[in-house]
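Chemist:
Number of protein chains: 2
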Amino acid sequence: MTPVHAEAEKNIRSVVVNRTPFTVPGFRVAAASTGMRYKERLDLALIAVDPELNARAAGVFTTNRFCAAPVTLCKENLKSARVKAVIINAGIANACTGEEGYKRAKEMARLTADALDFSHREVLVCSTGIIGPQVEIDPISRVMPELVGKLRRDGWEDVARAIMTTDTVPKMANARVEISGKLVTVGGVVKGSGMIAPNMATLIALVCTDAAIQPPILDHWLRWSSSRSFNCITIDGDMSTNDTLLAVASGRAGNPIITDIGSSDSRAFGAALHAVLLELAKMVVMDGEGASKFIEIHVTGAADRDSARTVALAIANSPLVKTAFFGEDANWGRVVAAAGRSGCPLIPEKVALFFDDLCVFRNGTPVPGSEVEEKASRIFKQKEIRVQVDLGTGSAGFTAYTCDLSYDYVKINASYRS
Amino acid sequence: MTPVHAEAEKNIRSVVVNRTPFTVPGFRVAAASTGMRYKERLDLALIAVDPELNARAAGVFTTNRFCAAPVTLCKENLKSARVKAVIINAGIANACTGEEGYKRAKEMARLTADALDFSHREVLVCSTGIIGPQVEIDPISRVMPELVGKLRRDGWEDVARAIMTTDTVPKMANARVEISGKLVTVGGVVKGSGMIAPNMATLIALVCTDAAIQPPILDHWLRWSSSRSFNCITIDGDMSTNDTLLAVASGRAGNPIITDIGSSDSRAFGAALHAVLLELAKMVVMDGEGASKFIEIHVTGAADRDSARTVALAIANSPLVKTAFFGEDANWGRVVAAAGRSGCPLIPEKVALFFDDLCVFRNGTPVPGSEVEEKASRIFKQKEIRVQVDLGTGSAGFTAYTCDLSYDYVKINASYRS
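So the protein lines, in turn, are chains A and B.
Residue numbers for the first sequence follow the working numbering, so the first one is 20 and each next one is one higher.
Residue numbers for the second sequence follow the working numbering, so the first one is 20 and each next one is one higher.
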């Protein structure tokens, strides 16, 4: 970690993040129902930059080889100098849909651009939902006038609702920081729930800010922050064809444009962005399919960050560990076994395992005493549990966030398309 | 694959494998109840080589860094010139038990050796069950006279029962081949059920044969075969601290000792061993925790075997794919998405996906037609389903075996220790 990043990470602690509805100067938003797949619920969201502003954007996308048509289009359109709108539909992912799917993604952009009177190259398109079917253009075309007519500053909760698939709650977070005397807002929405895994843990996340910032700096902070937030969460180890994280900056706050990555303005912005992304990422885990518990896996004392990450994710993705959490069974053996098979060359005798602050395993053996087991059992009844695995060999660390594996995960996913 | 291996693999098809009880000349076996963890069921198995024979053995073990005490002991004792007995307990894994655990594993060997009058270095010890507690010596000591007194040729079904943990059925398989005019038997038992994943997919498997074979040849075939059987199955992607696969050869069949890996005798033995291991491996999957379906994932057309393996296991381990099978939902998108995120550099347009012989995806898009969906739905109602992913880029392949992910998997694993 460079000094700039260390500073940004330290700054996060002073950022206050709220989950309440918000507005971001320079953006108007709206949501509507197309009926494309879901009946009688919002499933199409429009985020429009005020016409007089030239917003900048950055994106991080799925590394799945079967990347969906809207992802391909987003990557292309991010090359434009400016972004005027983002359109997102839920229910149909428009993935694995070939040439026709790509054409339709482009048609979504064109419909949006025509309605707002700018170029389709200035529209970013996201889709989430089932893989295979192509997005339907007619229902989108039909509701577009309504959508544009409804545009307003404070519609973010509707946006958060419209992008949901199996999510049970709308998820949004925002923070404010002062940058060179100007109050800057960072506000974001996310939908997650299934197929949540590194790399790119969520399906669709959109963060808007009124900061004035150069695209490379925005891109830098988005990548840095996603590697420490969305890429640290896992629900089922699967990665979607559509995973997309977008950041759009309207410049409306009027701060001197951020051009230097190492400046204090840059660090303040990075901290605010990261605080919001981390909050959104945690909300995705908490609303994981069937999740009843939120679990933080801290790996410490590693030789390097990659080793720590390997161990943390092996634990976080282990179905045996996750079912033990669901069953409120403080089965530390499964945590240790998952660490042991992770591929990280750890030394068993140096490993220590903690549940919250309770040490349950040290020097290659369980910590003796029936009170340890009793205390561990009490900790496992909590809604939020912190697991720490200290490898005892270095000073690097990594934190993964995950949830338990419940009956409901199976239920939701066994019947998703029906 | 070398010509020797190709020949052995071809020979497998002519090997008849039975799941019926069997005997292996040169071995007597017995099982007893210690009450150590389970009440009123067999939980201790003894496999004894006839005193006048010098049996040879080979083993493949977990690569988990937290390898259990009995695994450490097995590795040491395999260095002995001969093996006289194998002792296996179920219920307590004696893993993560430090020095004391190791002493107790050794004590298990000593008790066995004393009862049968040979050296403790000639005993292989296996344990399976929960991680953490140390194996209890007193109950083993108490039942040892009974165990030795019960030794007989045809007790293999009891052995298969005694090594079970969450297994629902005892699992055994055997085959016979002619080697230089002598009838040779290969008979094995296995317990699996949870923590089943490459590398070393099962907790405990023991294969005995009366073939006369040099240890390096036995070791070679055991490794080759396990890489094509136990290392191709996965239930939950977890790997245990205790995974052990042992092969013991009594030499009682009287065939000319197999010393040349390339000889026809060697290939015939290799084929029989592999046929039995593959059958045992499949039985483990079919009895996977909560499994209701048996799924074969064939990846073909890969550039090399490693790529094929990467794709096959990404699909086989995907909770989203596995819940779709449980829900009888022919959600091909999840299969394609799992292949796409596997890390294998595949070309989406070249990939084809089949359920049994039905092509559902080709040229980067789903095969159109409502009859495709109907047929796929019918296939998903079967108990056994074959998935083929052709990558269209080469001629290498890999087959993985897995099962679905059901409510019962969660149920079993949420309450395992209670």
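Even glycine gets a Cβ: it sits at the ideal position worked out from N, Cα and C.
This one's a predicted model, so the numbers in the text were calculated from it and none came from an experiment.
Check the Cβ-Cβ distances between P385/B and every residue of chain A, and say whether any is below 7 Å.
Modeler: True, the Cβ-Cβ gap to chain A drops below 7 Å.
Chemist: Can you list the alpha helix (DSSP H) stretches of 4 or more residues lying completely in the region 347 to 433 of chain B, in chain order?
Modeler: Whole alpha helix (DSSP H) segments, 4+ residues: 351 to 359, 389 to 399 and 426 to 433.
Chemist: According to DSSP, which residues form a beta bridge with V208/B?
Modeler: M191/B and L225/B
Chemist: Please list, in chain order, the chain A residues whose beta carbon lies closer than 9 Å to that of V267/B.
Modeler: Here the premise fails: no neighbours, minimum Cβ distance about 26 Å.
Chemist: Could you tell me whether the Cβ atoms of K103/B and V48/B are closer together than 7 Å?
Modeler: no
Chemist: For E141/A and G78/A, what's the separation of their Cα atoms in angstroms?
Modeler: Here the alpha carbon of E141/A sits roughly 14 Å from the alpha carbon of G78/A.
Chemist: Tell me whether the region 51 to 61 of chain B and the region 102 to 117 of chain B touch, counting them as touching only if at least three CB pairs, one residue from each stretch, are closer than 8 Å.
Modeler: Because the criterion of three Cβ pairs below 8 Å is met, the region 51 to 61 of chain B and the region 102 to 117 of chain B touch.
Chemist: Using a threshold of 7 Å, state whether the C-beta atoms of C115/B and I223/B are closer than that.
Modeler: Not a contact, by the Cβ cut-off of 7 Å.
Chemist: Look at the alpha carbon of V178/A and the alpha carbon of L63/A, and state the distance between them as a whole number of angstroms.
Modeler: Approximately 8 Å, taken between the alpha carbons.
Chemist: Give me, in chain order, the residues of the same chain whose beta-carbon lies closer than 6 Å to that of S425/A; leave out the 5 immediate sequence neighbours on both sides.
Modeler: G309, S311 and F345
Chemist: Anyone know if the C-beta pair for I314/A and I252/A falls short of 7 Å?
Modeler: no
Chemist: From M127/B to I316/B, what does the alpha carbon distance come to, in whole angstroms?
Modeler: 40 Å
Chemist: Indicate the three-state DSSP secondary structure (helix, strand or coil) for K94/B in the structure shown.
Modeler: helix
Chemist: Inspect the CB distances between the region 389 to 396 of chain A and the region 348 to 360 of chain A and report whether three or more fall short of 8 Å.
Modeler: Enough Cβ pairs lie closer than 8 Å, so yes.
Chemist: Taking the beta carbon of L202/B as the centre, do at least 16 other beta carbons fall within 10 Å, making it buried, or is it exposed?
Modeler: exposed
Chemist: So what's E176/B in DSSP terms, helix, strand or just coil?
Modeler: helix
Chemist: Hey, does N250/A have any beta-carbon neighbour from chain B nearer than 7 Å?
Modeler: N250/A does not count as touching chain B.
Chemist: Where do the ends of the beta strand (DSSP E) carrying I316/B lie?
Modeler: Start and end: F313 to A321.
Chemist: Taking the alpha-carbon positions, what's the A100/A to P22/A distance?
Modeler: 30 Å
Chemist: I believe P40/B touches D173/B by the beta-carbon criterion, under 8 Å. Please report the beta-carbon distance rounded to the nearest angstrom.
Modeler: 6 Å
Chemist: Starting from the beta carbon of S425/A, find every residue of chain B whose beta carbon is closer than 9 Å, and list them in chain order.
Modeler: V429 and A433
Chemist: For D238/B, collect the residues of the same chain with a Cβ closer than 6 Å to its Cβ; drop the 5 residues on either side in sequence, then sort them by chain order.
Modeler: A77
Chemist: Let's test the definition: count the other Cβ atoms within 10 Å of the Cβ of R75/B and tell me whether it reaches 16, buried, or not, exposed.
Modeler: buried
Chemist: Compare the C-beta of A18/B against all C-beta atoms of chain A and say whether one is closer than 7 Å.
Modeler: With chain B running from 20 to 437 in the structure shown, residue 18/B is simply not present.
Chemist: I think A231/A touches G270/A, with their Cβ atoms under 8 Å apart; what is that distance to the nearest whole Å?
Modeler: In this structure, A231/A and G270/A form a Cβ contact; the two beta carbons are roughly 4 Å apart against a cut-off of 8 Å.
Chemist: Applying the 10 Å Cβ sphere with the 16-neighbour rule, what's the burial state of D136/B?
Modeler: exposed
Chemist: Over what stretch of residues does the beta strand (DSSP E) that includes S146/A continue unbroken?
Modeler: For S146/A, the uninterrupted beta strand (DSSP E) segment begins and ends at V142 to I149.
Chemist: Does the CB of P89/A have a neighbour CB from chain B at under 7 Å?
Modeler: Residue-level contact by beta carbon fails for P89/A and chain B, as no gap is shorter than 7 Å.
Chemist: Helix, strand or coil: which one does DSSP assign to L61/A?
Modeler: coil
Chemist: In this structure, how does DSSP classify N113/A when only helix, strand and coil are distinguished?
Modeler: coil
Chemist: If the cut is a Cβ gap below 7 Å, which residues of chain A does G388/B touch?
Modeler: What G388/B touches in chain A: nothing, since even the nearest Cβ is about 13 Å away.
Chemist: Mind pulling the chain B residues with CB within less than 7 Å of T260/A?
Modeler: Within chain B, the residues near T260/A are A356 and G359.
Chemist: Express the C-alpha separation of I431/B and R195/B in angstroms, rounding to a whole number.
Modeler: Separation of R195/B and I431/B (C-alpha to C-alpha, rounded to the nearest whole angstrom) is 36 Å.
Chemist: Report the rounded CA-to-CA distance for I107/A versus H139/A, giving the unit in angstroms.
Modeler: 14 Å
Chemist: To the nearest angstrom, how far is the alpha carbon of D279/A from that of W243/A?
Modeler: 16 Å
Chemist: Measure from the alpha carbon of D262/B to the alpha carbon of each residue in L130/B, K94/B, E197/B and D376/B, then state which is nearest.
Modeler: K94/B
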